[in-house]
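Q: Residue numbers (my numbering): 91 to 344.
For every residue, glycine included, the Cβ atom is placed at its ideal position computed from N, Cα and C.
These figures come from a predicted structure and were not determined experimentally.
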Ligand code: 13P
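(1) Within its chain, find whatever has a CB closer than 6 Å to the CB of residue 287; leave out the 5 residues flanking it on each side and keep chain order.
(2) Could you check the C-alpha separation between residue 134 and residue 276 for me, to the nearest Å?
(3) Hey, out of 255, 338, 289, 314, whose CA is closest to residue 298's CA?
(4) Taking all protein chains shown into account, decide if residue 319 is buried (16 or more other Cβ within 10 angstroms of its Cβ) or exposed.
(5) Can you tell me which of 309, 249, 204 puts its alpha carbon nearest to the alpha carbon of residue 155?
(6) Under 7 Å: does the beta carbon of residue 187 sit that close to some heavy atom of ligand 1?
(7) I need the straight-line Cα distance from residue 262 to residue 223, nearest angstrom please.
(8) Could you check how far apart the C-beta atoms of residue 242 and residue 217 are, in whole angstroms? I think they sit under 8 Å.
(9) Taking the C-alpha atoms as reference points, what is the distance between residue 168 and residue 208?
(10) If we call anything under 8 Å between Cβ atoms a contact, is residue 184 one with residue 141?
(11) Which residues mark the beginning and the end of the beta strand (DSSP E) in which residue 347 is found?
(12) Examine ligand 1 and report whether any of its heavy atoms sits within less than 7 Å of the Cβ of residue 309.
(13) Could you check the C-alpha separation between residue 104 and residue 112 for me, to the nearest Å?
(14) Residue 304: which of 331, 272, 284 sits nearest, CA to CA?
(15) Per DSSP, what are the beta-bridge partners of residue 131 in this structure?
(16) Grab the span of the beta strand (DSSP E) containing residue 303 for me, first residue to last.
(17) Just to confirm the assignment, what range does the alpha helix (DSSP H) spanning residue 225 have?
(18) Residue ranges of each beta strand (DSSP E) run of no fewer than 3 residues wholly in the stretch 179-204, ordered along the chain?
What follows is the structure, encoded as structure tokens:
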């Protein structure tokens with residue numbers, strides 16, 4: 091079975107002390123993960139080393155950066171390079187979150203460059219895609235997401251693609267309390283897998299974990315994760331509360 095992943099995206103929330111306490115509470119639960127299950131904490135850059143040491147003795151718990159720059163290094167004040175993440179041993183990096191696409195104008199082409207740098211350094215990308223409300227209302231969500239996938243991912247080899255985790259996050263469901271129904275999530279995840287399958291073949295497409303993001307919480311995680319093509323979640327708000335996130339971890343497919 092492909093990996094089943096509960097990924098927390100803290101975004102720009104929590105102080106260092108609050109973050110440390112939250113991790114302590116979640117890890118104190120000592121929830122043992124199955125061989126195919128993973129938990130990933132995408133924390134703000136200044137907390138990466140702390141979070142990494144918190145999970146160091148836990149099987150299948152990892153940390154992720156929330157972003158990286160698309161250039162290797164240079165005069166980009168305030169930015170974080172992939173090589174920097176590599177040098178502190180970060181195994182995952184979220185890229186292409188809709189907030190970055192929208193507020194920082196990140197393009198599919200820049201994301202393609204980030205993917206190359208990450209894969210070169212053997213950091214696994216968590217690549218986000220998903221449509222805004224206007225596109226969903228017009229019924230064009232499949233075409234929209236297909237272009238995001240094609241323009242950012244399709245230059246990768248099949249071997250490289252197997253290292254990528256995809257997160258489908260419909261923008262209209264992020265932070266709105268409005269979740270895609272499990273049927274809507276399943277439909278899009280199956281579509282994403284079919285797009286990958288056409289390009290890379292069914293075996294490769296079947297091996298890629300596709301997470302759902304957008305108002306995942308303890309109350310809906312079971313139903314969402316039980317869908318055959320939903321391999322876990324990328325969780326914002328509910329990942330900031332230990333009891334909520336622990337319940338979400340427990341909802342992962344066995
Ligand atoms: P919410 O879970 O707060 O809707 O956020 C989803 C998200 O953007 C995760 O990356």
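A: A quick look at the data gives this:
(1) By one-based count along the chain shown, residue 287 stands at place 197. Excluding sequence neighbours, residue 287 sits near 295.
(2) As a first step, residue 134 must be located in the chain shown, where it is residue number 44. As a first step, residue 276 must be located in the chain shown, where it is residue number 186. Taking the straight line joining both Cα atoms gives about 30 Å.
(3) Along the chain shown, read from residue 1 onward, the residue named residue 298 stands at position 208. Of the listed residues, the one whose Cα sits closest to residue 298 is 255.
(4) The residue given as residue 319 occupies position 229 in the chain shown. Burial call: buried.
(5) Position 65 of the chain shown, counted from the start, is the residue given in the question as residue 155. That would be 204, whose Cα lies nearest to the Cα of residue 155.
(6) On the chain shown, position 97 is the one that residue 187 refers to. True, at least one ligand heavy atom lies under 7 Å from that Cβ.
(7) Reading the chain shown from its first residue, position 172 is the one you call residue 262. Reading the chain shown from its first residue, position 133 is the one you call residue 223. So the alpha carbons of these two residues sit roughly 5 Å apart.
(8) By 1-based counting over the chain shown, the position of residue 242 is 152. By 1-based counting over the chain shown, the position of residue 217 is 127. Distance from residue 242 to residue 217 at the Cβ level is roughly 7 Å; contact confirmed, criterion being Cβ atoms closer than 8 Å.
(9) By 1-based counting over the chain shown, the position of residue 168 is 78. By 1-based counting over the chain shown, the position of residue 208 is 118. For residue 168 and residue 208, the distance between alpha carbons rounds to 19 Å.
(10) For the purposes of this step, residue 184 is taken as residue 94 along the chain shown, with counting starting at 1. For the purposes of this step, residue 141 is taken as residue 51 along the chain shown, with counting starting at 1. The answer is no: Cβ separation not under 8 Å.
(11) Outside the modelled stretch of the chain, which goes from 91 to 344, sits residue 347, for which no answer is possible.
(12) By one-based count along the chain shown, residue 309 stands at place 219. No, the Cβ of residue 309 stays beyond 7 Å of every heavy atom of ligand 1.
(13) For the purposes of this step, residue 104 is taken as the residue at position 14 of the chain shown. For the purposes of this step, residue 112 is taken as the residue at position 22 of the chain shown. C-alpha separation (whole angstroms): 9 Å.
(14) Taking the first residue of the chain shown as 1, we reach residue 304 at position 214. That would be 272, whose Cα lies nearest to the Cα of residue 304.
(15) To locate residue 131, count along the chain shown from 1; it is residue 41. Answer is 98, 153.
(16) For the purposes of this step, residue 303 is identified with residue 213 of the chain shown, where counting begins at 1. Counting along the chain, the beta strand (DSSP E) containing residue 303 begins and ends at 300-303.
(17) If you number the chain shown from 1, residue 225 lands on position 135. Residue 225 -> alpha helix (DSSP H) spans 223-227.
(18) 182-185
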